[in-house]
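Please read the structure below before turning to the comments.
Number of protein chains: 2
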Amino acid sequence: MAETLATNRIAERKLRDRQARRAQILRAARKIAELEGWPNVTVRRLSDEISYSQPVLYAHFGSREGILTAVAVEGFQELGLALEKARKRSKRESAVESVAEAYLEFAASSPALYEVMFSLGLSVPFGAPDTPPELRFGFSQLLELFEGRDAKAEVLAELFWASLHGIAELTRTKRFPRSRQKERVRVVVELFTRS
Amino acid sequence: MAETLATNRIAERKLRDRQARRAQILRAARKIAELEGWPNVTVRRLSDEISYSQPVLYAHFGSREGILTAVAVEGFQELGLALEKARKRSKRESAVESVAEAYLEFAASSPALYEVMFSLGLSVPFGAPDTPPELRFGFSQLLELFEGRDAKAEVLAELFWASLHGIAELTRTKRFPRSRQKERVRVVVELFTRS
DNA sequence: ATAGAAAATCTAGCAACGCTATAATGGATG
DNA sequence: CATCCATTATAGCGTTGCTAGATTTTCTAT
């Protein structure tokens with residue numbers, strides 16, 4: 001029983017292995033989704049990809065939906081960071097434009113990731129008390145853009161988000177031609193800076 | 196061979212039967228989707244619902260996706276009509292508001308229908324030359340709101356659509372609380388009328 | 001009216017899916 | 001080294017979208 005030292009080492013190594021494999025699974029899922037679409041991200045396919053049997057995946061995530069949800073959370077994290085970077089790098093008056101560009105760039109460069117965050121059926125509500133902090137973080141970046149500048153900053157941030165999401169989604173699903181994208185950004189920025 | 200008369204009657208009846216059954220299938224699909232979600236709209240379930248075997252559905256629509264696409268087209272038709280009605284019933288200066296309300300009302304009252312139109316993976320592009328007229332019709336209603344009032348009416352209409360779609364989608368997927376919806380409409384209308 | 005052609009419909013089954021009970025295997029502990 | 005316990009694999013269940021082939025029904029033509 002005096003070997004709590006070695007025992008800890010072993011436990012740590014096991015934990016690292018677990019996390020490494022978890023990351024491996026998520027990486028494989030994202031790669032397949034981005035290249036071949038989410039329907040091709042099957043549990044069997046993933047278990048092939050990581051050279052483990054299917055039950056291992058269920059030990060990690062409980063269900064296929066659990067895997068997609070984990071990827072979505074990663075996505076929200078990354079989106080939040082991208083928006084934060086864009087906002088902090090720019091001057092006060094051009095912040096809205098920078099953030100808009102960063103948002104649409106994110107959605108355009110990782111369409112499958114964006115899809116799993118918003119378009120697939122999984123339930124990742126925001127208002128609930130158990131909302132992961134990664135999700136709040138992204139929206140807080142939008143909120144800060146209007147904080148103080150207007151009485152109804154929250155509604156403005158929501159609408160700004162809705163506009164960007166609408167553009168991203170209608171572009172991703174081929175409803176908007178990609179050609180006029182720059183002009184769309186210009187006008188939406190105009191709308192949200194003149195208020 | 197002189198009976199082209201009776202032959203025509205028979206052909207007509209068969210056509211009517213076909214269309215009636217087609218409508219029956221779509222009605223069943225929409226009902227199940229609205230009550231239990233699209234994953235529960237299986238081909239077997241539908242074949243049960245209309246008391247025909249599965250291959251009959253494939254004779255009509257070719258695939259499950261074909262059924263969903265047909266429902267989506269119905270949805271675009273109905274959305275277009277709703278927007279047209281809203282626009283024509285209102286005065287010039289309140290048209291934007293009426294259309295915005297009609298759009299969000301449509302999305303909120305038939306969430307599954309709205310979902311299949313926009314959120315599910317099916318490919319119903321707009322720009323393509325084979326785009327069904329039902330799809331163009333809906334957007335033309337939005338376009339007319341800004342026609343003539345601004346040089347870049349098309350971009351404005353696209354952004355108005357994107358904003359409404361973003362609100363509808365973020366509300367449907369529980370990202371927005373339904374409580375502030377009225378205020379959102381007020382502000383979005385403000386944004387798009389002051390330009 | 002009835003036999004034969006054609007159209008419509010059903011039965012039965014395949015491959016692939018998400019998921020899980022159970023068996024086999026491996027590493028840590030005394 | 002023996003024994004446990006955690007980890008991993010095998011194998012299978014029920015359901016899915018879809019389809020080939022058998023079967024029945026409907027129309028046509030004598």
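Top to bottom, those sequences are chains A and B.
Residue 91 in my numbering sits at position 91 of the first sequence; the count goes up by one each step and never skips.
Here my numbering = 1-based position in the second sequence + 195.
Built from N, CA and C at the ideal position, the CB exists for glycine as well.
If you're wondering where the values come from, they're calculated on a predicted model, not measured in any experiment.
When burial is assigned at 16 or more other CB atoms within 10 Å of the CB, is residue i buried or exposed?
i: E74 of chain A; result: buried
i: S374 of chain B; result: exposed
i: R184 of chain A; result: buried
i: T368 of chain B; result: buried
i: A254 of chain B; result: exposed
i: R370 of chain B; result: buried
i: G166 of chain A; result: buried
i: A100 of chain A; result: buried
i: T366 of chain B; result: buried
i: A20 of chain A; result: exposed
i: A297 of chain B; result: buried
What's the C-alpha gap between residue i and residue j?
i: W356 of chain B; j: L337 of chain B; result: 7 angstroms
i: D157 of chain A; j: R64 of chain A; result: Here the sequence assigns Ala to residue 157 of chain A, which means Asp is not the residue at that position. Each residue's alpha carbon lies about 33 angstroms from the other.
i: G261 of chain B; j: T388 of chain B; result: 39 angstroms
i: S98 of chain A; j: A86 of chain A; result: 6 angstroms
i: A228 of chain B; j: D130 of chain A; result: 28 angstroms
i: R92 of chain A; j: F146 of chain A; result: 11 angstroms
i: L35 of chain A; j: A28 of chain A; result: 11 angstroms
i: F106 of chain A; j: L79 of chain A; result: 7 angstroms
i: L120 of chain A; j: A112 of chain A; result: 10 angstroms
i: S335 of chain B; j: Q24 of chain A; result: 47 angstroms
i: S242 of chain B; j: R217 of chain B; result: 12 angstroms
i: M117 of chain A; j: K209 of chain B; result: 46 angstroms
i: E207 of chain B; j: F271 of chain B; result: 28 angstroms
i: D150 of chain A; j: V382 of chain B; result: 12 angstroms
i: G148 of chain A; j: S195 of chain A; result: 12 angstroms
i: V41 of chain A; j: K31 of chain A; result: 9 angstroms
i: A153 of chain A; j: L159 of chain A; result: 10 angstroms
i: L81 of chain A; j: V189 of chain A; result: 21 angstroms
i: D17 of chain A; j: E244 of chain B; result: 50 angstroms
i: S473 of chain B; j: V291 of chain B; result: Here chain B covers residues 196 to 390 and nothing more, so residue 473 of chain B does not appear.
i: K377 of chain B; j: K283 of chain B; result: 22 angstroms
i: S51 of chain A; j: Y247 of chain B; result: 44 angstroms
i: V402 of chain B; j: G257 of chain B; result: In this structure chain B extends from 196 to 390, so residue 402 of chain B is not present and cannot be described.
If you measure from the beta carbon of residue i to each beta carbon in chain B, is any gap under 9 angstroms?
i: P39 of chain A; result: yes
i: G127 of chain A; result: yes
i: K85 of chain A; result: no
i: V73 of chain A; result: no
i: G121 of chain A; result: yes
i: F118 of chain A; result: yes
i: R194 of chain A; result: yes
i: V43 of chain A; result: no
i: V187 of chain A; result: yes
Whole-angstrom Cβ separation of residue i and residue j, contact assumed at under 8 angstroms?
i: A168 of chain A; j: L104 of chain A; result: 6 angstroms
i: G138 of chain A; j: L68 of chain A; result: With a Cβ gap of about 18 angstroms, G138 of chain A and L68 of chain A do not count as contacting.
i: V251 of chain B; j: L221 of chain B; result: Rounded, the Cβ-Cβ distance is 14 angstroms, inconsistent with contact.
i: S163 of chain A; j: S358 of chain B; result: 5 angstroms
i: R44 of chain A; j: Q54 of chain A; result: 6 angstroms
i: W233 of chain B; j: E310 of chain B; result: 7 angstroms
i: L191 of chain A; j: L386 of chain B; result: 5 angstroms
i: G127 of chain A; j: P372 of chain B; result: 5 angstroms
Looking at chain A, is there any beta carbon in it that lies within less than 9 angstroms of the beta carbon of residue i?
i: E378 of chain B; result: yes
i: E292 of chain B; result: no
i: K347 of chain B; result: yes
i: E385 of chain B; result: yes
i: R375 of chain B; result: yes
Report task. Taking a Cβ distance cut-off of 7 angstroms, strictly less, list which residues of the segment 242-265 of chain B are near chain A, in chain order. Result -> none
Report task. Return the residues of the segment 155-178 of chain A that lie within a Cβ-Cβ distance of less than 8 angstroms from chain B, sorted by chain order. Result -> V155, L156, E158, L159, W161, A162, S163, L164, H165, G166, I167, E169, L170, T173, K174, R175, F176 and P177
Requested in this report: Compile a chain-ordered list of the residues in the segment 297-308 of chain B whose CB is closer than 8 angstroms to at least one CB of chain A.
Outcome: none
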